[in-house]
Each structure stands twice: as structure tokens, then as C-alpha cells.
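Numbering (the working numbering), first residue to last: 30 to 275.
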């Protein structure tokens, strides 16, 4: 069976100089694994198969296995590839797609989030830390790890002078309901508002908020700690990103 879809390469494993196994985040089938045989006649579209390339693919599906017959690149994000920090961050985003996006299901919303984030990262339209927090929290929400930030889990208060977030439970408690001995991070009002915006806004408005530098730092730390706590495993590409930005 032959099918055509668009997608982005989120993982690459070379079998030899010509052949490779690619993991694709596709619009129609979510995350899939596809094999590519590097015949000489196919070398004219090698750029479409590189990590982070967004391309149109012609696939052949047989015996529960995808093979790439043709690929035409749409965007290769050249500006990201020229910057080590941006490339490390984009590679981390790709690993999150591999971890969180569904396999063999509709992946349009995941692909849309990834492509918009990479575009803004490449063009420098938003701070890298802001884009990182947006993609992490929105993708976690889409994958079923949505925290409850509507109000205090104890009394239901939407706002109090002090609101505390649990990385393990993914909920809020105000200062009146917070229990002694339970670790929670106090969220500055601007940080809580930004997290709510990421969770509940329409996609068209997702990237349209600002925070001062200290607020972005707190937002980034909070969202990353929540993600790591919920996934309960190390993420090598995240560790590498921090190693070159520290």
C-alpha cells in the first residue's frame, strides 16, 4: 500500500553509509518508523531525510513496515543547524515528540506545535527558554499529563497571595490549604498566569505572552521539573542542552 504524508524527521539511525532507519512525526499517522534504502537514484533528496527536516514523504507500507520511496523537503531549518544551542534545543524537542506523540494515530496537532516552535526558534522571534517551556507544557498536556491549574485543589480559589504547585500531583494549593512537610514550588503570579495561558489558550494565541527575564527563568525551571517528574526518566538530549548552555 502506498501513502503520501508530510512529517518531520525526529530520529535517525544509520545502518551503513547509504541505508538508514528514520523516525518520523507525520501529520496523518503520528510517530512511525520508516526504512530508507540509499540507492544512487535517490541521493537527490538526501536533505529531506536529515534530522529536523520537514518533508513530504511517499511511503510504501507492507507487512507492518514502512519504506520511504520518495521525499521532497519543505523546510530544513537551516538557521537552527548553524547554531549549536538552537540545534541542541531542537534535538531535545525532537526527542520529546518521540516520547510523547502517539504512534499510528493522527499527529497533526503535535506536528503543528513542533513546526511553529522550530520556526520561532530559527527566526529568534521568542526567547529560547520561553519556546522550551511552551512546547514542553503544551505537549505534556496533549499527551495526557495536563496539570490542574484552574484553582486551589483544597478550596477552589483561583487566586491567592501565595499559590504552590506540586510536581508530582500537578495541582495547586493556596497558602491556607498547603500541608506542612509536602514540597511544593511557590509560583509567582506572572508565572502561574503564563502556565495557564500555555494550557488553556487557543493555539493561535499560544506564543503571545511575555515575561521578564526572571519570570521566564522560573517558568522554565517549573515546567522542566514537572516534565522530568512526570516522565520519571532521564532525557539525554536535555542533559546535553544544559551542558552547552550552562
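We put the CB at the ideal spot given by N, CA and C, even for glycine.
Rounded to whole angstroms, what is the Cα-Cα separation between residue i and residue j?
i: residue 148; j: residue 103; result: 12 Å
i: residue 62; j: residue 159; result: 30 Å
i: residue 129; j: residue 259; result: 12 Å
i: residue 69; j: residue 39; result: Per-residue confidence for residue 69 stands at a pLDDT of 45, beneath the threshold of 50, marking its modelled position as unreliable; the derived number appears in the next sentence. Cα to Cα, residue 69 sits roughly 24 Å from residue 39.
i: residue 47; j: residue 271; result: 32 Å
i: residue 240; j: residue 227; result: 13 Å
i: residue 246; j: residue 137; result: 30 Å
i: residue 49; j: residue 195; result: 42 Å
i: residue 205; j: residue 214; result: 15 Å
i: residue 238; j: residue 223; result: 7 Å
Within 10 angstroms of its Cβ, does residue i collect 16 or more other Cβ (buried), or is it exposed?
i: residue 59; result: buried
i: residue 30; result: exposed
i: residue 151; result: buried
i: residue 153; result: exposed
i: residue 146; result: buried
i: residue 44; result: exposed
i: residue 113; result: exposed
i: residue 95; result: buried
In terms of residue numbering, what span does the alpha helix (DSSP H) encompassing residue i cover?
i: residue 80; result: Neither: residue 80 is in no alpha helix (DSSP H) and is coded neither H nor E.
i: residue 266; result: 265-274
Are residue i and residue j touching if we call contact CB-CB under 8 Å?
i: residue 106; j: residue 81; result: yes
i: residue 252; j: residue 166; result: yes
i: residue 183; j: residue 202; result: yes
i: residue 192; j: residue 221; result: yes
i: residue 236; j: residue 163; result: yes
i: residue 127; j: residue 52; result: yes
i: residue 139; j: residue 168; result: yes
i: residue 85; j: residue 33; result: yes
i: residue 83; j: residue 37; result: yes
i: residue 255; j: residue 199; result: yes
Determine, using beta carbons only, whether residue i comes closer than 8 Å to chain C.
i: residue 53; result: Although the question refers to chain C, the structure presented lacks it and comprises just one protein chain.
What residue range is occupied by the uninterrupted beta strand (DSSP E) comprising residue i?
i: residue 42; result: 31-43
i: residue 56; result: From DSSP, residue 56 is part of no beta strand (DSSP E); its letter is neither H nor E.
Quick check on the DSSP output: what are the complete beta strand (DSSP E) runs of length 3 or more inside the segment 163-249, in order along the chain? 192-194, 201-203, 214-216
Within the segment 88-174, note down every full alpha helix (DSSP H) run reaching 4 residues or more, in order along the chain. 107-110, 113-129, 137-152, 157-171
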